[in-house]
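These protein sequences, in sequence, are chains A and B.
0 is the number of the first residue of the first sequence in numbering that gives the first Met the number 0; add one for each residue after it.
0 is the number of the first residue of the second sequence in numbering that gives the first Met the number 0; add one for each residue after it.
Input: a single structure, listed below in structure tokens.
There are 2 protein chains.
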Amino acid sequence: MRSVEAIVPLKLTLFGEHAVVYGYPAIAMAISETMKVRVEKSDKTIVSSNTLTIGNIKVDLDEMRAESSQLNRVLSYVIAALNYFQDRRPVHVSVESTVEPSVGLGTSAAVIVGVVASYSRYIGLNYSPEEIAKISREIERSVQGLGSRMDTYTTSLGGLLYFPRNSDDVMRINGNLQIAAGYIRRATSTAEILRRVKRLRDRGHIVDKIMDVIGEVTELARKALESGDDSLLGELMYVNHGLLSSLGVSHPTIDELVSTARSLGMKGCKMSGGGGGGSVICVREPKSEILLESKGLKIVNSEINSTGVTTKEIN
Amino acid sequence: MRSVEAIVPLKLTLFGEHAVVYGYPAIAMAISETMKVRVEKSDKTIVSSNTLTIGNIKVDLDEMRAESSQLNRVLSYVIAALNYFQDRRPVHVSVESTVEPSVGLGTSAAVIVGVVASYSRYIGLNYSPEEIAKISREIERSVQGLGSRMDTYTTSLGGLLYFPRNSDDVMRINGNLQIAAGYIRRATSTAEILRRVKRLRDRGHIVDKIMDVIGEVTELARKALESGDDSLLGELMYVNHGLLSSLGVSHPTIDELVSTARSLGMKGCKMSGGGGGGSVICVREPKSEILLESKGLKIVNSEINSTGVTTKEIN
């Protein structure tokens with residue numbers, strides 16, 4: 000074959016971000032906003048992207064090594080993913096995304112998952128979604144160090160997923176949720192946000208207590224999802240948001256948005272993902288997208304994706 | 000004597016609002032923004048106020064009974080306070096305040112404390128500040144039902160006060176804190192805010208857990224006050240604010256203000272009092288009042304008052 004294209008759903012964290020890093024449970028959902036990663040026969044290894052932060056740069060990667068300071072994160076993920084495979088063939092990897100990177104939608108994980116899914120099929124391997132998830136997580140960890148398995152698993156497997164406490168399990172939640180979602184640019188890097196939480200944590204045991212409560216909110220949310228109780232679920236979103244905000248990981252515009260939604264009597268909203276800007280989710284109702292747009296957020300297609308990553312051969 | 004004037008300091012809650020209603024500890028501070036309550040010899044009992052919500056209304060109260068639906072809260076507090084005394088003499092009670100009522104500054108309590116202090120002296124009783132506090136609290140409870148002893152005690156006694164968990168004790172905190180404070184009108188009534196917390200509480204044990212954390216934040220804040228650690232104290236303000244916000248008792252403008260302060264690297268800010276608008280406090284630094292004013296808050300004189308209520312005879 001000449002090329003393989005992977006369609007990777009992006010994801011939204013519904014509950015438990017940050018706490019999940021410390022072993023607490025989390026809930027994430029794959030969405031219909033997708034990223035395309037195409038692997039194509041080529042004389043040399045080339046990475047290109049007409050979106051994301053690397054713009055239209057084309058990088059010759061015959062050596063499969065790169066000076067990381069000169070390269071951005073997307074590129075380093077592609078290289079790390081390609082380097083995972085023993086069977087190295089020169090390919091043109093192109094990444095196409097309609098959303099900005101680093102806004103809490105799992106684009107970093109999606110790049111890795113997309114390369115693993117498309118390149119593996121290109122070289123004749125037949126990985127299951129679970130294998131793609133596992134391999135992608137390994138690669139992500141080797142590049143990032145910290146973080147959770149949530150993004151790689153959710154973008155690989157699709158659906159509504161529950162990540163239990165202190166475990167490597169992933170469980171499907173038998174439920175449904177209509178959400179509205181949007182994002183703004185992040186004002187603070189993940190590294191700085193993680194530093195803030197750590198600094199606060201070093202000063203006492205308050206952070207652990209707050210993480211405990213976030214863990215309980217996540218468990219209650221799981222039950223609310225299973226029983227279809229949108230009203231409780233929404234209230235838990237507000238609670239989870241306030242707890243994240245108390246940790247200093249939110250953003251003025253988003254705090255005001257969520258607080259406005261609550262004062263307008265909307266069912267529920269919260270920040271989603273690492274914070275410092277980034278994504279916001281709300282229980283979907285007529286007012287929710289209007290509110291998100293009115294505060295300058297870019298709307299994303301937040302219908303649930305239940306397939307996970309898919310690939311097709313293009314001849 | 001012809002008349003007695005009481006000068007009553009207003010107050011700011013530093014930590015533990017809402018949680019104090021459920022038996023958790025709290026910290027409050029009397030401030031230099033004051034209310035004047037004057038009791039003057041008169042043929043009939045008259046209540047007047049050129050500030051507060053009753054405006055310039057003068058009400059003849061020969062009967063010392065009032066149709067409460069026609070009267071506002073300030074008036075009902077004055078009447079309840081006068082009715083406390085066996086020795087009833089016709090007086091003209093005038094209340095003068097420079098701040099709006101119901102913004103978390105303890106104006107309701109200050110009215111009661113002011114009447115108790117000035118009227119008792121007018122009829123020849125010599126109450127200690129502790130007696131004034133105790134009597135005022137009794138009167139407040141008879142009118143309000145709910146609430147905490149914090150406001151009546153702080154406006155009576157002055158200073159920086161710690162209200163321990165599940166106790167009627169009040170302890171002075173040996174520390175100092177320079178704060179900036181301002182307020183906006185409240186968008187939500189205390190009754191509605193208390194209903195919100197109760198509704199959330201009825202749905203699970205999450206609210207109790209959050210109250211627990213607020214209690215611990217308050218204990219840490221007490222130590223930080225005693226050791227003069229403004230930086231920790233400020234961080235605890237942010238944490239306390241987020242926890243209050245998770246309970247749905249905050250306000251969009253105030254959430255944005257506090258979040259902006261945090262993102263600007265300011266030491267600490269939080270809502271203060273019942274919420275739904277009302278007061279905000281920040282660790283005082285050059286930027287803090289400018290930020291408060293820029294968000295439309297009216298600045299109050301938040302220097303500490305250490306005398307509590309004082310009275311003087313005017314002949």
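Heads up, the beta-carbon is just placed ideally off N, CA and C, and yes, glycines get one too.
Which residue comes first and which comes last in the alpha helix (DSSP H) that contains residue i?
| i | result |
| --- | --- |
| B/Lys133 | Pro128 to Gln143 |
| A/Thr151 | Met149 to Leu156 |
| A/Lys208 | Ile205 to Ser226 |
| A/His240 | Asp229 to Ser245 |
| A/Val282 | Segment Gly277 to Val282 is the beta strand (DSSP E) holding A/Val282; no alpha helix (DSSP H) there. |
| A/Val110 | Thr106 to Tyr121 |
| B/Tyr76 | Arg72 to Asn82 |
| A/Lys294 | First-last for A/Lys294: undefined, no H or E at that position. |
| B/Ile313 | Per DSSP, B/Ile313 belongs to no alpha helix (DSSP H); it is in the beta strand (DSSP E), Thr309 to Ile313. |
| A/Asp254 | Pro251 to Ser262 |
Closest to residue i by CA distance: which of the options is it?
| i | options | result |
| --- | --- | --- |
| B/Asn175 | B/Ser301, B/Tyr23 and B/Ser2 | B/Ser301 |
| A/Thr310 | A/Gly144, A/Thr252 and A/Val7 | A/Val7 |
| A/Met149 | A/Gly103, A/Gly241, A/Lys222 and A/Val114 | A/Gly103 |
| B/Ala27 | B/Val196, B/Asp254, B/Ile178 and B/Lys208 | B/Ile178 |
| A/Lys297 | A/Glu32, A/Glu4 and A/Thr306 | A/Glu32 |
| A/Ile315 | A/Leu156, A/Gly113, A/Leu160 and A/Tyr161 | Lying before the first or after the last residue shown, residue 315 of chain A is absent from chain A, which here runs from 0 to 314. |
| B/Pro251 | A/Tyr237, A/Leu246 and A/Val248 | A/Tyr237 |
| A/Ser230 | A/Arg194, A/Gly267 and A/Ser249 | A/Gly267 |
| B/Val46 | B/Ser135, B/Tyr118 and B/Leu235 | B/Tyr118 |
| A/Leu219 | A/Gln143, A/Ile209 and A/Leu232 | A/Leu232 |
| B/Ile303 | B/Ile205, B/Ala180 and B/Lys208 | B/Ala180 |
| A/Ile273 | A/Val98, A/Tyr182 and A/Thr259 | Here the sequence assigns Gly to residue 273 of chain A, which means Ile is not the residue at that position. Residue A/Tyr182 is the option with its Cα nearest to A/Gly273. |
| A/Ser278 | A/Thr259, A/Ile253, A/Ala260 and A/Glu284 | A/Ile253 |
| A/Thr154 | A/Ile30, A/Asp167 and A/Arg283 | A/Ile30 |
| B/Glu4 | B/Ala116, B/Gly158, B/Cys281 and B/Glu225 | B/Ala116 |
| B/Leu246 | A/Leu224, A/Tyr21, A/Val212 and A/Asp228 | A/Val212 |
| B/Ser305 | B/Glu255, B/Gly15, B/Gly158 and B/Arg194 | B/Gly158 |
| A/Arg315 | A/Lys43, A/Ser2 and A/Lys294 | Residue 315 of chain A is absent from the model: chain A starts at 0 and stops at 314. |
Exposed or buried, which one is residue i when buried takes at least 16 other CB atoms within 10 Å?
| i | result |
| --- | --- |
| B/Ile289 | exposed |
| B/Pro24 | buried |
| A/Lys10 | buried |
| B/Thr189 | buried |
| B/Asn82 | exposed |
| A/Asn333 | Residue 333 of chain A lies beyond the stretch modelled for chain A, which goes from 0 to 314, so this question has no answer here. |
| A/Lys40 | exposed |
| A/Pro100 | buried |
| B/Asn239 | buried |
| B/Met0 | exposed |
| B/Glu191 | exposed |
| A/Ile313 | exposed |
| A/Ser67 | The predicted model places A/Ser67 with a pLDDT of 39, which falls under 50 and marks its position as unreliable; any figure quoted below should be read in that light. A/Ser67 should be labelled exposed. |
| B/Leu13 | buried |
| A/Thr187 | buried |
| A/Ser48 | buried |
| B/Ser147 | buried |
| A/Thr259 | buried |
Can you tell me the Cβ-Cβ gap for residue i and residue j, rounded? I've got them flagged as a contact below 8 Å.
| i | j | result |
| --- | --- | --- |
| A/Gly317 | B/Ser244 | Beyond the ends of chain A as shown, which are 0 and 314, falls residue 317 of chain A; an answer cannot be given. |
| A/Val248 | A/Gly275 | 6 Å |
| B/Pro128 | B/Leu156 | 5 Å |
| A/Lys286 | A/Met265 | 6 Å |
| B/Val92 | B/Val38 | 6 Å |
| B/Ile111 | B/Thr151 | 7 Å |
| B/Glu130 | B/Met34 | B/Glu130 to B/Met34, Cβ: 20 Å. No contact. |
| B/Val216 | B/Leu235 | 5 Å |
| B/Ile280 | B/Glu225 | About 18 Å separates the two Cβ atoms, so there is no contact after all. |
| A/His17 | A/Val196 | 6 Å |
| A/Val19 | A/Phe162 | 6 Å |
Hey, could you find the ends of the beta strand (DSSP E) residue i is sitting in?
| i | result |
| --- | --- |
| A/Lys35 | Ala25 to Lys40 |
| A/Glu302 | From DSSP, A/Glu302 is part of no beta strand (DSSP E); its letter is neither H nor E. |
| B/Ser17 | Reading off the sequence shown, one finds His at residue 17 of chain B, where the question assumed Ser. First-last for B/His17: undefined, no H or E at that position. |
| B/Glu99 | Taken as a continuous stretch (DSSP letters only), B/Glu99 belongs to no beta strand (DSSP E), as it is neither H nor E. |
| B/Val46 | Ile45 to Ser48 |
| B/Ser271 | Cys268 to Ser271 |
| B/Leu370 | Coverage of chain B is limited to positions 0 through 314, which leaves residue 370 of chain B absent and any answer about it impossible. |
| B/Ile192 | No beta strand (DSSP E) contains B/Ile192, which is instead part of the alpha helix (DSSP H) from Thr189 to Asp201. |
| B/Ile183 | Ile178 to Ile183 |
Three or more C-beta pairs below 8 Å linking the region 118-125 of chain B and the region 282-296 of chain A: Proximity of the region 118-125 of chain B to the region 282-296 of chain A falls short of the contact definition, fewer than three beta-carbon pairs being nearer than 8 Å.
The region 103-116 of chain B contacting the region 74-90 of chain B, beta-carbon criterion three pairs below 8 Å: At 8 Å Cβ cutoff, the stretches touch.
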